[in-house]
Every structure is written in C-alpha cells, then in structure tokens.
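Each residue of the sequence shown is one higher than the one before, counting from 4 in the working numbering.
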Amino acid sequence: MATRARVISAWARAAVITLVLATFGSCTNSPGVDASNPTTCGAGTVACGSVCTNTSVDAQNCGACGKVCNAGEVCQAGACSSSCLGNQLVCGGTCTDTDNDPKNCGACGNACAALEVCASAKCGANCSFGTTNCNGICVDTSADPGNCGACGNICFAGELCAAGKCNATCGAGFAECGGKCVDTGVDPENCGACGKLCATNNGEVCSLGQCALSCLGGTTNCSGKCVDTNVDASHCGACGNACATGQVCASGSCALQCSGGTANCSGKCVDTQIDPLHCGACGNSCPASQSCQNGQCTLVCSGGLTKCGTQCVELSTSVVHCGACNKPCPSGNACVNGACQLVCSGGTTNCSGQCVALSTDPLHCGACGNACAAGQTCANGACTVVCSGGLTKCNNQCYNLNTDPAHCGTCTTACASGQVCQNGACTTVCGSGLTNCSNQCVNLQTNPSHCGACTTVCSSAQTCVSGSCVNTCNPTQNLALTATAASSGGGSGTTGPDNMNDGYDESQCSAQGWHWVSATSSPGTAWVELTWPSAVTVGRIKIDTTACSASSCSSVTGRTAAGGTIQWWNGSSWVTNGTVAGKTNDWEYTFTAPVSTTKVRIYGLHAASCSQASNPKVFEFQAFGC
C-alpha cells in the first residue's frame, strides 16, 4: 500500500525539488548565473536582466524571467497561483510562512536582525528546541514536508511528514494541519484541532489536546511544547537532548536502530525507496531535477503540477498544456482554469469567443448578448436610435414630423381625430366637394363666409351662388335706384335720362318728369343703360312705358317702347342675354340666370308701330335681383 501511494504521488515532487534548487542552486551550474547575462547572483537566485531574483516566488518572474503572474496571483514553486498553501500568508506578493521566515517573522515585513533566525514567529539567536536551522530558517523537521527528518528531504506530492518521515497519510496520533502532520495533543498552534492557538505569551502550553498552564499526562514542557522525553528524539530523556542523526529515542535514551524498511547509510536511518541522496542504495544521489520513487530516480511533480514529458506544468494556466498535456491554446488565448479563453485587449470584452467593444457593439451593447433592436446603434453601452432621411428622434423612435399625425411638427403634438399632418401642421380632412378653410370643411360654392375662395366673405345683404357673392334676392327691391341712368340721346331736363330711375312711374310723370329716347320703330343703335358703382346681381328688368292708345304727359298718342336687345357688362364687353319685341305697353324681361354685373342696357330700343311710332317714352327703367 505504501509503495502504491508513493507511485500515485510521484508526479508532484519535481516542483518542490525545483523550489529547493531555486533556493540552494544546481550541482551542475554556477549559482545564480544567467548564460545570457554576466550578472552573478547569490544562491537561490538568478539574474533577470540586471536584477537577481528568486523565480520560485517572484510574481514578475515566476518560474522563468519575464513570466508575470496575473493580478491577484502569487508565485509558488515557480508557478502562478491564486492563493497560498496551508497557513502561509501573502507578503509583498509572495507566499511565505511567517512562523519561520526571518524577513517576515510573525507578520509581513517584520525582519529579524542580522544572524538572527525566525522560530515560532519570533526572532532569536538560535532555533528553539524542536526546530532546525535549514538555510537560515527554523523548521520542524519532524513535520515539515520540505525538510522531513533533515534539511532538504522533500516528501512526495500528496505525502505528509510525520515524525520526520514521509507518509501517504499522517500516522497514528497525528493530524494534517496546513499540509503538515502535527500532534494536536501537544502542538500549541493546533491544540486539540487545527488552528486552535494556545496563549503561549501567557505561559500556556498544549497538553493532551488542551491549552493549559502546565503539561499533563507525564509530559514535560520543553520551550512551550509538551513532549514525552521517553520517546522524543529532539528531547530524549531531557529537554534539548537531541539524538544524533540515525538514532532513535527509546526509554529516554538515544540508540541507533533502523527499522521499518530503512537502511543505515553513514549512521543515518534512511528509506532508500524515497531518499533522493540514497535512492535504491546508500550514496546513489538523484539529479537535482529528480526525486526518488520506488528506489529509482524520476521526475515527480508536486504542488498541483502535472508531469508533461520532462516538465512539471500547471494544467490550469499553461497555454501549452491547457487542461491536459499537449493541449495548446490558439494564438491570442490564455489558459484559465484549464480551458482556453480568448484574451481581449484595448478595452474589449470576450463575448462567446469574440473580442467586442461593449460601448459600441450593437450585438453586445453594454453586456455580452445584449443586442440592440433593428434601426438602433450602440452608443456608450446603451442602445439608441439614429434617425436619418429627414426623420426626427422622439422617445427613441424615428418619425417624420411633417406627416406623422402623432408627432406633427413636434414630438409632443398629436393631431385630433379626423385630422392629418401636412407640412408639420394638423389639418382637417374634408370630403368630396368641400375645402379646408382654417381647419373647417366648407363648400366654396355656397358658403357666404368662404364664397369661391377661403378668404372671400359676402356681405350681409348677399348670398353665395355658384361661388359668387350675389345680392339676396328681393323681387320688390328696385336696384336701379342706386344706379346712374343714361341713353343714346333724346329728351333732357325734365325729360332727361336721370328720370328713368328716379322711382316715379307713369302716374307721376307730370310732376316728376320722364325720358324719351330718339329712335324709330325699327331696331337701330338707340339704347338706355343703368350703371352701378359696384357689381350687383340682376335677374330681371322692367320697362314702364306708355300704351299705344295712351298719351300720358304728351299730346301725342303712342310712343311706346316696343323692345330691344337685353345686354350686361362682363367687365370687358357686352354680353347679350335675350331680345324683346312687339310690346305695346309696360313689359319686363327675366334673365336666363342672374348675372353679377355693373351695367345693364337695352340696345336697339325702338318704338311700337302704333299711333306715333317714334321717340319711345320710358317712365321707369327698373332692375331686380330676381
């Protein structure tokens, strides 16, 4: 069973040996000399550039010059690690045992004076009882796996040091505490259980697993540690009486007695199956890079390292052997926890094997996998809309403020129901035949407030007909009273043309006057006319004349206005609407449709062929809207 345990643990030994070599130097090379640099360094250090350093613990040159550990990692046995082993502390980026480190004795930075050593976390001239000075460090060779039984005797990976011998497990009466086999019955730092400290500064000791002011069970207090002087080789028979190398303590006396498969090599009991100085036989020393396994020198890795070919590697961080031997990572990758991962730089982040800028990448905006929606971009790690083509951003969406009824003209302007957005303004939608005038739908053909155009307003006396303002039709309102009357020639004075629209008819002609027109009984060029200062709507005219048999205001019978051509002025010329003929008394004419005009006339006015058939009389020339 012991042989099998040594085989299983052999792989871990090389890293520990590497640490010893970094401390003590190599047998074949000059200590601390870098072949590429003439700088000569002391034992346990090498020159990296012009500086001597210990690559087994230097986080900037871990295992080799220029190999830098990641932030938060420390260098142990030439390999980067995220934590220290056992009860070690990180001091200046390096794992150290403050119980025996003269540079960090009891606490980081507490350095012992020259020629002093650190023992039990205290500086002193010599090592305390039960410890041995190994290269300036006081160690308990009975429990230290790096100096088990003697300085430099390193246990296999997975093995523990108990009673000065390497074993797969702690022996009877010992417990593993921080990678060391300790007797919790007497250890003041692990009294009764790992990590239970006795108050040694108050005189307490650990006896039978309990902190007490005196030793119990027949043990003796030797420098604060309760020991059985009958069997303790460091205190054989009395405190400080250490047996010579190779001797054992039996009944309080030292004697040379090799047992348990060990051999006496130069007066020392050694296990030739594992002793690198006596591997397989006394004096058969293994090379510095090897350890002794089953009596044969071989490379054995420790400290969690794995043997890959002729090297001990950390599979969790090695880019050449990531997770397993001969499993290299691609270029640009690092090995993290035994898996290759892309190493991103320049502020980029690894998202599923791609280096992306979370501040600008629309597929990974602010965080891996956070994809922006269509039409959005990533700015400062947040998805945002970028509008173009005349669109405006409103609540992280793009809108056309000229046409969008929910954002018309501005982001916050919404059109009312039934309105549309035109050119950035809410506009009412009108049906067929209607026109939008100031957001009202109107019929320009009939609306007196918007007659023919939105801005045309008819007067209160007018109405809108076919898009034109026309006077409100009163069949009894004589429009001629506001006009100026004229004729082609005839009577004057009391018989002048202005008597045709003075409002006095035939019955009043003697007192008020009347007008006669120079004309014959045949249509010629004679005319009578009404002119208004502004347009009026005329739909009907009426002529008050004498009857053929009458002789009103004249001694001559007849002189009846028999008819003529009815015309109206369109602004540039006369327009004929109809013709009247054969009248022998008063008559009227209705236009085919009311007309808006400033002038109306009867052209070709002539007399009826009765009695006197010339110089027709016109008592009144009247005009009506309808």
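Note that the Cβ used here is the ideal one computed from N, Cα and C, for glycine as well.
Please read all numbers here as calculations on a predicted model, not as lab measurements.
- Contact between CYS386 and GLN379 holds, since their C-beta atoms are separated by about 5 Å, short of 8 Å.
- Put simply, the backbone Cα of CYS83 is about 32 Å away from that of ASP274.
- Between THR232 and ALA245, the gap from beta carbon to beta carbon reaches 8 Å or more.
- Less than 8 Å divides the Cβ of GLN293 from the Cβ of LEU302.
- One thing to note: LYS586 has its Cβ within 8 Å of the Cβ of ALA565.
- Around the CB of GLU591, fewer than 16 other CB atoms lie within 10 Å, so the residue is classed as exposed.
- Fully enclosed beta strand (DSSP E) runs of no fewer than 3 residues occupy 530 to 547 of the segment 518 to 549, in order along the chain.
- For the set GLY350, GLY356, VAL49, VAL316, the Cα lying nearest the Cα of SER334 is the one of GLY356.
- About 6 Å separates the beta carbons of THR534 and THR601, which is inside the 8 Å limit, making them a contact pair.
- Residue state for GLY182 is assigned as coil, using DSSP reduced to three classes.
- Within the same chain, HIS281, CYS285 come within 6 Å of CYS268 by CB-CB distance, once the 5 residues on both sides are set aside.
- At the C-beta level, PHE594 and ALA488 stay beyond 8 Å of one another.
- Burial state of PRO478 is exposed, judged by a 10 Å Cβ sphere holding fewer than 16 other Cβ atoms.
- In the structure shown, GLU509 adopts helical secondary structure according to DSSP, grouped into three states.
- Between the alpha carbons of THR172 and PRO148 lies a distance of about 12 Å.
- Separation of the CB atoms of CYS332 and CYS343 is rounded to 4 Å, and the pair is thereby assigned contact status at 8 Å.
- Between ASN398 and the set GLY384, THR406, THR415, the nearest pair of CA atoms involves THR415.
- The count of Cβ pairs closer than 8 Å, one atom from the segment 462 to 472 and one from the segment 495 to 509, stays below three, leaving the stretches out of contact.
- Here CYS87 is not near CYS72, since their CB atoms are 8 Å or more apart.
- Around the beta carbon of VAL316, a 10 Å sphere encloses 16 or more other beta carbons of the protein chains shown; the residue is thus reported as buried.
- Under the three-state reduction of DSSP output, ALA266 falls in the strand class.
- The DSSP assignment places 438 to 440, 443 to 445, 465 to 468, 471 to 474 as complete runs of the beta strand (DSSP E) inside the segment 431 to 484, in order along the chain (cut-off: 3 residues).
- With fewer than 16 other beta carbons inside 10 angstroms of its own, SER576 counts as exposed.
- Using a 10 angstroms sphere on the CB of ASN57, the tally of other CB atoms reaches 16 or more, which defines it as buried.
- As computed with DSSP, PHE627 is found in a beta bridge with ARG543.
- Residue burial annotation: VAL120 is buried, with at least 16 other C-beta atoms found within 10 angstroms of its C-beta.
- Beta-bridge analysis with DSSP links VAL71 to no other residue.
- Shown here, PRO279 sits in coil according to DSSP, grouped into three states, outside any helix or strand.
- A direct Cα-to-Cα measurement between ALA529 and PRO536 gives close to 23 Å.
- ILE569: member of the beta strand (DSSP E) spanning 561 to 572, first to last residue.
- Ranking GLY393, GLY182, ILE546 by CA distance to the CA of ALA146 puts GLY182 first.
- With a cutoff of 8 Å on beta-carbon distance, ASP190 and CYS209 are scored as near each other.
- Shown here, ALA110 sits in coil according to DSSP, grouped into three states, outside any helix or strand.
- With 16 or more other Cβ atoms from the protein chains shown falling within 10 Å of its own Cβ, GLY516 counts as buried.
- Closest in alpha carbon position to THR352, among CYS375, SER59, GLY384, is GLY384.
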